[in-house]
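Protein chains in written order, with this note's numbering: chain R, 1 to 271; chain A, 1001 to 1245. Glycine included, every Cβ here is placed at the ideal spot set by N, Cα and C. Treat the numbers as computed from the prediction; the structure is a model and nothing was measured.
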Amino acid sequence: MFRNQYDTDVTTWSPAGRLFQVEYAMEAVKQGSAAIGLRSKTHIVLGCVNKANSELSSHQKKIFKVDDHIGVAIAGLTADGRVLSRYMRNECINYSFTYESPLPVGRLVVQLADKAQVCTQRSWKRPYGVGLLVAGLDESGAHLYYNCPSGNYFEYQAFAIGSRSQAAKTYLERKFENFTDASRDDLVKDALMAIRETLQGETLKSSVCTIAVVGVGEPFHILDQGTVQQMIDAFEIVGEQEGPDAAAGQEASAEPEQGAGAGEGVAPMDI
Amino acid sequence: MNFMASKQPENCLLGPESDSQRTLYPYVTGTSVVALKYKDGILMAADLGGSYGSTLRYKNVERMKPIGKHSLLGASGEISDFQEILRYLDDLILYDNMWDDGNSLGPKEVHNYLTRVMYNRRNKFNPLWNSLVLGGVKKGEKYLGTVSMIGVNFEDNHVATGFGNHLARPILRQDWHENLSFEDGVKLLEKCMRVLLYRDRSAINKLQIAKITEEGVTISQPYSLKTYWEFSAFANPAQGAVGTW
């Protein structure tokens, strides 16, 4: 995207009917490290790549438990993500207190989207620079949603956001038809494989990724590093050689595409 | 003239005028509500009386109403406060329906919402002067609970308000069992209501029985119970207690 005279204010439309500040906020999501989510009929798995600033520092927290039945993975400005997670936790706990019942994830997602929309229509605010993958259960089963800085939300069977997410998305597109009836463990395996796709040849080990699961009868929790490493070893993901090579080939063609597509005039928030 | 005296605004909440802003005592009241769980759902009974102090003034007051798809609310106490509660619940159910998303508030959620409302009002020393019974069925699960005007709430297999607690609950404790048929449930409720009719002076002989199952709510037409006044104790009340009338 290139600078233009309509991109200073979030409340300024371009002649083509775009809000550039909002689109720039969505770019911020693409810069964050990858987060993926996939669901079956009864379980949802969230995964993310841990990117630390330097070898000396610890990595930022990107997966948050919102309630026993809802969790969120973020990509983009993690500070914005933290604040939104606090909002979500507040909403859940207030609902639980009043109704003694868990807040349906579909309703939380709409509230979150409405909150994001406000920031696209006030001259003294800026859009949140974070994309959220919300995983949760309600009366109608397991759900995975993606909340954009634009205030839109979409429901997905599987999705990936952040840098090099296209590789993960390609993997998920190949496999998603099996997800509805997959077992919990197969779902986690697929999540790890999708994360591996975004690592571009780097070895997949439990120190570079975080996995969280929520499902019917299983409250939201982040799997500990030991369990994750065991699963990686068990599925012999590290050993698969054709994976990283094929992914590298796809990376090269995927990245220039992203840049060109955004500049061509299709407003990303419409997708 | 004292120029130093501060003028109080007309809607002042200090002094004797403040009491008129909050509920001190009930005026038009309903008496007991009795309810029990049976095989397919909940059965609830209440008469159609609205007393004005000791006068049995209103004889067509419906004290049980359906709430949403899954619940039934019965109330005793101040009738106008019951109508206010129905307004709150109307709004609640309306907003719930407006989500249009396959989720709906079940009896447990409505019961807890009412508990919050009643308790908060009690904390402000401005109670809704009611004892509520909330019953319902959702996804095969039966639910029966009660909330009082001070916010005391609990669930049980059978509940009652007011005099029903003293006269009906003992009968229910003895005769209630799991998986009552509809006919047995109604017979048991009628047994309780008959005792209340004999012994509660604010009860009238015009009642309704409501049923809620997975399919929905049915409230019967008003009817009366057969009563028997030829008991020897009624015929000659002074026999065991000389001087009584």
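Any idea which residues DSSP pairs P1066 (chain A) with across the strands? A:L1072
Since T98 (chain R) meets chain A, which of its residues come closer than 7 Å, beta carbon to beta carbon? N1112, Y1113, R1116
How many angstroms separate the CA atom of A246 (chain R) from the CA atom of C48 (chain R)? Low confidence applies here, because A246 (chain R) scores a pLDDT of 43, under 50, leaving its location unreliable; read the following figure in that light. Cα-Cα distance, rounded: 21 Å.
Burial state of T180 (chain R), where buried means 16 or more other Cβ atoms lie within 10 Å: exposed
Going by C-alpha to C-alpha distance, which of R:K41, R:D68, R:S33, R:R39 sits closest to H59 (chain R)? R:S33
So, C1192 (chain A) versus V1061 (chain A), is the Cβ gap smaller than 8 Å? no
Between the alpha carbons of R1022 (chain A) and E100 (chain R), how many angstroms are there, rounded? 29 Å
CA-to-CA distance, V188 (chain R) to K1069 (chain A), given in whole angstroms: 38 Å
Tell me the start and end of each unbroken beta strand (DSSP E) in the segment 48 to 116 of chain R that is at least 3 residues and wholly inside, in chain order. 63 to 67, 70 to 76
Please name the residue, chosen from A:V1152, A:Y1223, A:A1160, that lies closest to G1074 (chain A) on a Cα-to-Cα basis. A:A1160
Nearest-angstrom Cα distance between L1092 (chain A) and N94 (chain R)? 15 Å
Assign T357 (chain R) to one of three DSSP states: helix, strand, or coil. The requested residue 357 (chain R) is not part of the displayed model; chain R covers only 1 to 271.
At a Cβ threshold of 8 Å, is P102 (chain R) touching chain A? no
Ordered along the chain, which non-local residues of its own chain (more than five positions away) have a Cβ less than 8 Å from that of K1124 (chain A)? R1022
Measuring only between beta-carbons, confirm whether G136 (chain R) sits less than 8 Å from chain A. no
Neighbourhood of A248 (chain R) by C-beta distance below 8 Å, restricted to the same chain and skipping five residues each side: Bear in mind that a pLDDT of 41 at A248 (chain R), under 50, signals an unreliable position, so the model cannot answer this.
Using a Cβ-Cβ cutoff of 7 Å, what residues of the segment 102 to 132 of chain R are near chain A? List them in chain order. P104, G106, R107
What did DSSP end up calling D138 (chain R) once you bin it into helix, strand or coil? strand
Proximity to A35 (chain R) [Cα-Cα], best of R:I195, R:V228, R:K205: R:I195
Euclidean distance between Cα positions of F1163 (chain A) and I1219 (chain A): 22 Å
How many angstroms separate the CA atom of W1229 (chain A) from the CA atom of I1204 (chain A)? 15 Å
Please determine if the segment 13 to 25 of chain R and the segment 117 to 133 of chain R are in contact, where contact requires at least 3 C-beta pairs separated by less than 8 Å. yes
So D67 (chain R) packs on C92 (chain R), CB below 8 Å; how close in whole Å? 4 Å
Tell me the DSSP secondary structure of S1080 (chain A) in three-state form. helix
Note down, in chain order, each residue of its chain lying with its Cβ closer than 7 Å to the Cβ of S40 (chain R), except the 5 sequence neighbours on either side. A142, F179, T180, D181, A182, L187
Alpha carbons only, please: which of A:G1216, A:G1243, A:V1242 is nearest the one belonging to G1140 (chain A)? A:G1216
Please confirm whether E55 (chain R) has its beta-carbon closer than 8 Å to some beta-carbon of chain A. no
Just to confirm, is the Cβ distance from A272 (chain R) to I222 (chain R) under 8 Å? An answer regarding residue 272 (chain R) cannot be provided, because it is not within the stretch 1 to 271 covered by chain R.
Could you pull out every residue in the same chain whose Cβ sits closer than 7 Å to the Cβ of P104 (chain R), ignoring the five residues on either side in sequence? D138, E139
Give the secondary structure of M1149 (chain A) by DSSP, where H, G and I count as helix, E and B as strand, and everything else as coil. coil
Please tell me whether G1102 (chain A) has its Cβ less than 8 Å away from any Cβ of chain R. yes
Integer-rounded CB distance, given that G215 (chain R) should sit under 8 Å from R184 (chain R): 6 Å
Could you tell me how far apart the beta carbons of S1071 (chain A) and G1136 (chain A) are, in whole angstroms, since I believe they sit closer than 8 Å? 4 Å
Let me know if E1178 (chain A) comes out buried or exposed under the rule of 16 or more other beta-carbons within 10 Å of its beta-carbon. exposed
Any idea which residues DSSP pairs V1217 (chain A) with across the strands? A:I1212
Might you give, ordered along the chain, the residues of its own chain that have their beta carbon closer than 6 Å to the beta carbon of V1147 (chain A), omitting 5 neighbours on each side? L1114, T1115, M1118, L1132, N1153
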